[in-house]
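S.K.: Heads up: the sequence shown runs through residues 23 to 396, numbered per the working numbering.
Backbone N, C-alpha and C define an ideal beta-carbon position, used for all residues, glycine too.
Pasting in a structure now, in structure tokens, and then I'll have a few things to ask.
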Amino acid sequence: MFLRKKRVLLLSEGFGSGHTQAAQALSMGLRQLSKNITTRVLELGAFQHPTIAPWIFSAYRKTVTNKPNLVGKLYQSYNKSSMSRLSSLALHRLFYSRTANIIRQLRPDLIISTHPFPTVIVSRLKRAGLSTPLCTVITDYDAHGSWVDLEVNYYMVSTSEVKNKLIQRGISSDVIQITGIPVHPKFWEIPNREESRLSFKLQDMPTVLVMGGGWGLIDDEEMMNYIAQWRDKIQLIFCTGNNEKVLHKLSEDERFKHPNIHLFGFTKDINKLMDVSDLLITKPGGMTCTEAMSKGIPMLFYSPIPGQEEENRQYFIENGFGEEIQSIATIAAWFNKLLSDQYPLLLQNRINNQLNIKYSPQFCTESIIELFQL
23 MFLRKKRVLL LSEGFGSGHT QAAQALSMGL RQLSKNITTR VLELGAFQHP TIAPWIFSAY
83 RKTVTNKPNL VGKLYQSYNK SSMSRLSSLA LHRLFYSRTA NIIRQLRPDL IISTHPFPTV
143 IVSRLKRAGL STPLCTVITD YDAHGSWVDL EVNYYMVSTS EVKNKLIQRG ISSDVIQITG
203 IPVHPKFWEI PNREESRLSF KLQDMPTVLV MGGGWGLIDD EEMMNYIAQW RDKIQLIFCT
263 GNNEKVLHKL SEDERFKHPN IHLFGFTKDI NKLMDVSDLL ITKPGGMTCT EAMSKGIPML
323 FYSPIPGQEE ENRQYFIENG FGEEIQSIAT IAAWFNKLLS DQYPLLLQNR INNQLNIKYS
383 PQFCTESIIE LFQL
């Protein structure tokens, strides 16, 4: 007798890259761990409105870049409660009116949401009669009110603190599981530094990876100028994500034309770049920091977006995974460590971090398979 494979629909949105990366990570992980599962990942807005969505995402990006305090105020204003019925209805009618048809056509056995907007929309459909289970995976280290809906069948969260915040918002403890944020199966692997180093033709020397998030927001001129001054002693890898303008700007800058400086735009090999690096300088995005934590690499944080990235930063600092860049002196102290006799100890600490970390990169994926009997 032929048994149909279980269908999992993973829904995200394009406001930053982390939400969709989490969905793709789960998609790959589910299919890797079970041959009985097929998956489909959709960014709802871009799928339904491929012409309009890029304009909306571009406007959001510009707001994040130019008016971060406004983003912080909006984050706080909507944090007190779940999304209002009026906002939910408007979102449904204006942007996701065809979601029901998508679900009807794909006939998933489980819907996983990695962004608040799909959670809101699918929850409305469930109130209207949709019976498909909905699992929401919170991809930050905070439980913002926009994630919360009583129609969600199960929550996967990063930490016990996030679970407690959901409980305070009226969600039953029984439907919340602490799994950590999912990362791509590539981050489940123990690193092979030498192999990765050779694949990128890098030198065997202290190495620092500088990332600006999915949009490549490496825009602190003072910090960038200072970091570049270490190029003779420290190998520097800059990753600008999807921001081609920043990549072009750096590639034309004489300060960054050096054998020990390597420039990358969007790449699917962040895991390998982390493998060969001894320190990560980054914005505290939930996905990037979780990937780095899975690799055991120490982090320095700069320019968090007010709201969720501030919450992420606080979590990783409090748990000893990173440090905030208070000034140029913070960078200087770490760079000097890399060049001192402390370097072998830093390498050993990194190995220990990866072996002893409580976070299990594949646990979220395993939990979904077990919970929903996929």
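Between the alpha carbons of G192 and T310, how many angstroms are there, rounded?
M.R.: Those two C-alpha atoms are separated by around 30 Å.
S.K.: Any contact of the region 194 to 207 with the region 277 to 284, i.e. 3+ C-beta pairs under 8 Å?
M.R.: Result no; under three Cβ-Cβ pairs closer than 8 Å.
S.K.: Please confirm if the region 136 to 144 is in contact with the region 157 to 173, defined as three or more CB-CB distances below 8 Å between the two stretches.
M.R.: Yes: the two stretches touch, three or more of their Cβ pairs being nearer than 8 Å.
S.K.: Could you tell me the alpha carbon to alpha carbon distance between T42 and S182, rounded to whole angstroms?
M.R.: Whole-angstrom Cα-Cα distance: 23 Å.
S.K.: Report buried or exposed for H206, applying the criterion of at least 16 other Cβ atoms within 10 angstroms of its Cβ.
M.R.: Buried is the call here.
S.K.: Per DSSP, what are the beta-bridge partners of K28 in this structure?
M.R.: For K28, which the question treats as bridged, DSSP gives the partners I59.
S.K.: DSSP state of Q376, grouped into three classes?
M.R.: Reduced to three states, the DSSP call for Q376 is helix.
S.K.: Can you tell me whether K57 is buried or exposed, with buried defined as 16 or more other CB within 10 angstroms of its CB?
M.R.: Exposed: under 16 other Cβ atoms inside 10 Å.
S.K.: For F209, which residues from the same chain have a beta carbon less than 7 Å from its beta carbon, with the 5 sequence-adjacent residues on both sides left out?
M.R.: The residues are N293, E313, S316, K317, P383.
S.K.: Can you give me the Cβ contacts of F357 inside the same chain, cut-off strictly under 7 Å, excluding the 5 residues immediately before and after it?
M.R.: Here the set comprises W252, I256.
S.K.: Taking C-alpha atoms, which residue in Y163, L172, V174 lies nearest to K185?
M.R.: When each option's Cα is compared against that of K185, the closest is Y163.
S.K.: Is S325 helix, strand or coil by DSSP?
M.R.: The answer is coil: DSSP assigns S325 none of H, G, I, E or B.
S.K.: With distance defined between alpha-carbon atoms, name the residue in L128, G263, E333, T61 nearest to S180.
M.R.: Closest by alpha carbon: E333.
S.K.: Please list the terminal residues of the continuous alpha helix (DSSP H) segment that includes Q330.
M.R.: Residues 330 to 340.
S.K.: In terms of residue numbering, what span does the alpha helix (DSSP H) encompassing Y248 cover?
M.R.: Its alpha helix (DSSP H) spans residues 243 to 250.
S.K.: Would you list the one or two residues that DSSP bridges to C261?
M.R.: Bridge partners of C261: M233, F286.
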